[in-house]
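Remarks on the structure that follows.
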Amino acid sequence: MSEPRKTPLYDLHVALGGKMVDFAGWLMPVNYPAGVAAEHKHCREKAALFDVSHMGQVELRGENVAGKLETLCPSSFQTLPEGKARYTFFTNAQGGIMDDLIVANAGDHLFVVVNASMRDQDIAHMRRLDLEVTELSRALIAVQGPAAEAIVAAHVPEAAGLKFMETTTATLAGVGIRISRLGYTGEDGYEISIPEDKATEITKLLLEHPDLEPAGLGARDSLRLEAGLCLYGNDIDNETSPVEANLTWAMQKKRREEGGFPGAARIQRELAEGPSRLLVGIRPEGRAPARRGVEVADMDGNIIGAVTSGGFGPTVEGPVSMGYVSAAHSAEGTQVQLIIRGKPRPATIIKLPFVAHHYKR
Amino acid sequence: MTTYYTEEHEWIEVEGDTATLGITKHAAEALGEVVFVELQEVGETFDKDDEIGVVESVKAASEIYAPVALEIVEANGALEDEPGMVNEDPEGNAWFYKVKISDPSELENLLDINAYKALID
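If you want it as structure tokens, here you go:
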């Protein structure tokens, strides 16, 4: 293994007391002195700032760029209006998911954000297209929570006019940025792409606001889990299809019907016949968290699935899990058992999310 | 009364052949906010290094091991209702078990306070 990389905000994380861990080859703060639960609650109640510079930011340019990217993803980009972003995924030939990503129409190019752990794979994958693929050296920060608009719009007035999944270029303290109204917490908020050499200055400026506190990867994970958002490598991977993962909404009707993306045969078959398993929310009774790998059984003790993400939800104030169960047991309200350290514990299938989304549509 | 420590960051305070045990302040801080504690039943016996409980924080699950062979005499049920006690007072009110030590000679293999401090520094 090579040395873990540092984001442009590394020194600031250390100065803020961040507990740094190696995540996907990057030294990132798992939490600050406030702790995961306090950072999580602050995001839901006011606003939290996350460094997500480890994610890959890529610009795609070239003739028919939207059409070419559609050959790798089951979503529509040719009909994506300028200034709009879309959640999508790369599928493999078997209809599994290679990674999930955000694609934005930035006018003369597509702006793409991919997961840190998959950026090398994804960039190589996109380079197979006859396109100009430019990996940006920019920081990316997320400001998430009900106070995000007031905090960000104080510096970037255009931010208030953006709706969920809209993106624009702007200036912040004289620095050219790209700002997108989206995130990974279920809350309203923004992701802001900043030149590396200005990242610390801008982050410090934003953090001067009394309602904004830094939050680490721990809170990012518990927030997205309560929001029912998939984590690549846990809830979705090369084996799981978008239909199984309840991501059919991200595949626009025309693409679902016409195919023309890797793995279309399996995906269209599952759309027609229904998948054999489905990703669901699972709410354990009692306090015991059911983490990744815990088996799910029906009330007769037959194994029907497994937890893919699970832990304690600070806003729910109880354990929350997501996992795949057989389609026959996937209905909301179905009683199941979680086998935690050999002991069956009762749980209920719920409709995701655990905490309602608060997007500004 | 003597207190010993383990490399698994547990403490055990011994008086004769009975003892009280829990996790150290260092362990509680490393775990973060404790949200769940699972304890074994009174009367059960365990060999040294057997798993005798689980502590879960927002971040992760972590096992508690028997520092010596023992029988559980009393379990601190309050921890199951108020797991946050483990963060507040890990080396006091948030003890996990009172136990009977099966073989006091096993205590010789544990760490004293100075050796434990050297371990965590």
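Chains as they are written, first to last, in the numbering used here: chain F, 35 to 395; chain A, 22 to 142. Heads up, the beta-carbon is just placed ideally off N, CA and C, and yes, glycines get one too.
Any residues in the region 336-363 of chain F with a beta carbon nearer than 8 Å to a beta carbon of chain A? Which ones, in chain order?
-> 345, 346, 348 and 353
Cα-Cα, which of A:52, A:60, A:39 and A:54 is closest to residue 91 (chain A)?
-> Locating residue 91 (chain A) in the second sequence gives position 70, where the first residue counts as 1. Taking only the C-alpha atoms, the option nearest residue 91 (chain A) is A:39.
For the region 48-62 of chain A, which residues have a beta carbon sitting closer than 9 Å to at least one beta carbon of chain F?
-> 53, 54, 56, 57, 58 and 59
Give a yes or no on whether 7 Å exceeds the smallest Cβ distance from residue 77 (chain A) to chain F.
-> In the second sequence, counting from the first residue as 1, residue 77 (chain A) sits at position 56. Chain F contact via Cβ: present.
Segments assigned beta strand (DSSP E), at least 3 residues, entirely inside the region 62-110 of chain A | 72-78, 82-86 and 91-96
Neighbour list for residue 323 (chain F) in chain A, Cβ cutoff strictly below 8 Å | For this step, residue 323 (chain F) is matched to residue 289 along the first sequence. What residue 323 (chain F) touches in chain A: 56, 57, 77 and 82.
When burial is assigned at 16 or more other CB atoms within 10 Å of the CB, is residue 178 (chain F) buried or exposed?
-> Residue mapping note: residue 178 (chain F) aligns to position 144 of the first sequence, counting from 1. So residue 178 (chain F) counts as buried.
So, is the C-beta of residue 220 (chain F) closer than 7 Å to a C-beta in chain A?
-> Within the first sequence, residue 220 (chain F) is the residue found at index 186, counting from 1. No, no contact with chain A.
7 Å CB neighbourhood of residue 30 (chain A) in its chain, flanking five on each side removed = Here residue 30 (chain A) is taken as the residue at index 9 of the second sequence, counted from 1. Answer for residue 30 (chain A): 44, 45, 47 and 48, listed in chain order.
Assess, as a yes-or-no matter, whether the region 55-67 of chain F is touched by the region 37-45 of chain F under the definition of 3 or more beta carbon pairs within less than 8 Å.
-> yes
Cβ-Cβ distance between residue 131 (chain F) and residue 175 (chain F) below 7 Å = Residue numbering aside, residue 131 (chain F) sits at position 97 when the first sequence is read from its first letter. Residue numbering aside, residue 175 (chain F) sits at position 141 when the first sequence is read from its first letter. Contact: no.
For residue 209 (chain F), decide whether its Cβ has a neighbour in chain A, counting only Cβ atoms nearer than 7 Å.
-> On the first sequence, position 175 is the one that residue 209 (chain F) refers to. No, residue 209 (chain F) lies away from the interface with chain A (no Cβ there is under 7 Å from its Cβ).
Cα-Cα, which of F:315, F:124, F:112 and F:383 is closest to residue 261 (chain F)?
-> Here the question's residue 261 (chain F) lines up with position 227 in the first sequence. Checked all of F:315, F:124, F:112 and F:383; the closest Cα to residue 261 (chain F) is F:315.
Using only alpha-carbon positions, find the residue among F:301, F:287, F:282 and F:380 that is nearest to residue 330 (chain F).
-> For the purposes of this step, residue 330 (chain F) is identified with residue 296 of the first sequence, where counting begins at 1. Residue 330 (chain F) has its Cα closest to that of F:380, out of F:301, F:287, F:282 and F:380.
For the alpha helix (DSSP H) holding residue 37 (chain F), just list the boundary residues, first then last.
-> Within the first sequence, the letter at position 3 stands for residue 37 (chain F). Per DSSP, residue 37 (chain F) belongs to no alpha helix (DSSP H) and is neither H nor E.
To the nearest whole angstrom, what separates the beta carbons of residue 157 (chain F) and residue 243 (chain F), a pair I think is in contact under 8 Å?
-> The residue given as residue 157 (chain F) occupies position 123 in the first sequence. The residue given as residue 243 (chain F) occupies position 209 in the first sequence. Between residue 243 (chain F) and residue 157 (chain F) the Cβ distance is about 35 Å, and since that is not below 8 Å, they are no contact.
Would you report the Cα separation of residue 298 (chain F) and residue 195 (chain F), rounded to the nearest angstrom?
-> On the first sequence, position 264 is the one that residue 298 (chain F) refers to. On the first sequence, position 161 is the one that residue 195 (chain F) refers to. Rounded to whole angstroms, residue 298 (chain F) to residue 195 (chain F) spans 37 Å at the Cα level.
Closest Cα partner of residue 163 (chain F) within the set F:306, F:103, F:328 and F:233 | One-based indexing of the first sequence puts residue 163 (chain F) at position 129. Residue 163 (chain F) has its Cα closest to that of F:103, out of F:306, F:103, F:328 and F:233.
Taking a cut of 9 Å between CB atoms, which residues from the region 60-81 of chain F lie near chain A?
-> 64, 65, 69, 70, 71, 72 and 74
Go ahead and pull the three-state DSSP assignment for residue 65 (chain F).
-> Within the first sequence, the letter at position 31 stands for residue 65 (chain F). If DSSP states are grouped into helix, strand and coil, residue 65 (chain F) belongs with the strands.
Alpha-carbon spacing of residue 367 (chain F) relative to residue 122 (chain A), whole angstroms | Against the first sequence, residue 367 (chain F) aligns to sequence position 333. Against the second sequence, residue 122 (chain A) aligns to sequence position 101. For residue 367 (chain F) and residue 122 (chain A), the distance between alpha carbons rounds to 47 Å.
When the Cα of residue 328 (chain F) is compared with those of F:358, F:310 and F:140, which residue comes out closest?
-> Within the first sequence, the letter at position 294 stands for residue 328 (chain F). The option with the nearest alpha carbon to residue 328 (chain F) is F:358.
Under 7 Å between the Cβ atoms of residue 248 (chain F) and residue 44 (chain F)?
-> Mapped onto the first sequence, residue 248 (chain F) falls at position 214. Mapped onto the first sequence, residue 44 (chain F) falls at position 10. Not in contact: residue 248 (chain F) and residue 44 (chain F) (Cβ atoms no closer than 7 Å).
Identify the contact partners of residue 252 (chain F) in chain A, using a Cβ-Cβ distance below 7 Å as the criterion.
-> Residue mapping note: residue 252 (chain F) aligns to position 218 of the first sequence, counting from 1. Within 7 Å Cβ-Cβ: 79 and 80.
Around the Cβ of residue 105 (chain F), are there at least 16 other Cβ atoms within 10 angstroms (buried) or fewer (exposed)?
-> As a first step, residue 105 (chain F) is located in the first sequence; it is residue number 71 there, counting from the start. It counts as exposed.
Have a look at F:258, F:200 and F:233 and flag the residue whose alpha-carbon is nearest the alpha-carbon of residue 354 (chain F).
-> Translated into the one-based positions of the first sequence, residue 354 (chain F) becomes position 320. The candidate whose alpha carbon is nearest that of residue 354 (chain F) is F:258.
Where does residue 393 (chain F) sit, in a helix, a strand or coil, going by DSSP?
-> For the purposes of this step, residue 393 (chain F) is taken as the residue at position 359 of the first sequence. Three-state result, residue 393 (chain F): coil.
Going by the beta-carbon positions, is the gap between residue 89 (chain A) and residue 127 (chain A) smaller than 7 Å?
-> Position 68 of the second sequence, counted from the start, is the residue given in the question as residue 89 (chain A). Position 106 of the second sequence, counted from the start, is the residue given in the question as residue 127 (chain A). Contact flag set, yes.
Segment contact, 8 Å Cβ cut-off, at least three pairs: the region 75-87 of chain A with the region 332-351 of chain F | yes
Between the beta-carbon of residue 317 (chain F) and the beta-carbon of residue 384 (chain F), is there less than 7 Å?
-> The residue you call residue 317 (chain F) lines up with position 283 of the first sequence. The residue you call residue 384 (chain F) lines up with position 350 of the first sequence. Yes, Cβ-Cβ distance for residue 317 (chain F) and residue 384 (chain F) is below 7 Å.
Where do the ends of the beta strand (DSSP E) carrying residue 119 (chain A) lie?
-> Start at 1 with the first residue of the second sequence, and residue 119 (chain A) comes out as number 98. From DSSP, the beta strand (DSSP E) with residue 119 (chain A) extends over 118-122.
Relative to the C-alpha of residue 201 (chain F), which residue among F:190, F:231 and F:208 is closest?
-> Within the first sequence, the letter at position 167 stands for residue 201 (chain F). Of F:190, F:231 and F:208, the residue nearest in Cα terms is F:190.
Alpha helix (DSSP H) runs contained entirely in the region 272-342 of chain F, provided each spans 4 or more residues = 287-292 and 298-307
Grab me the residues of residue 238 (chain F)'s own chain with a C-beta within less than 6 Å of its C-beta, minus the 5 sequence neighbours each way, in chain order.
-> On the first sequence, residue 238 (chain F) is found 204 positions in, with the first residue counted as 1. Excluding residues within five positions, none has a Cβ falling inside 6 Å.
Would you list, in chain order, the members of the region 370-385 of chain F that have their beta-carbon closer than 8 Å to a beta-carbon of chain A?
-> 375
According to DSSP, is residue 101 (chain F) helix, strand or coil?
-> The sequence position of residue 101 (chain F) within the first sequence is 67, counting from 1. DSSP places residue 101 (chain F) in helix when its eight states are reduced to three.
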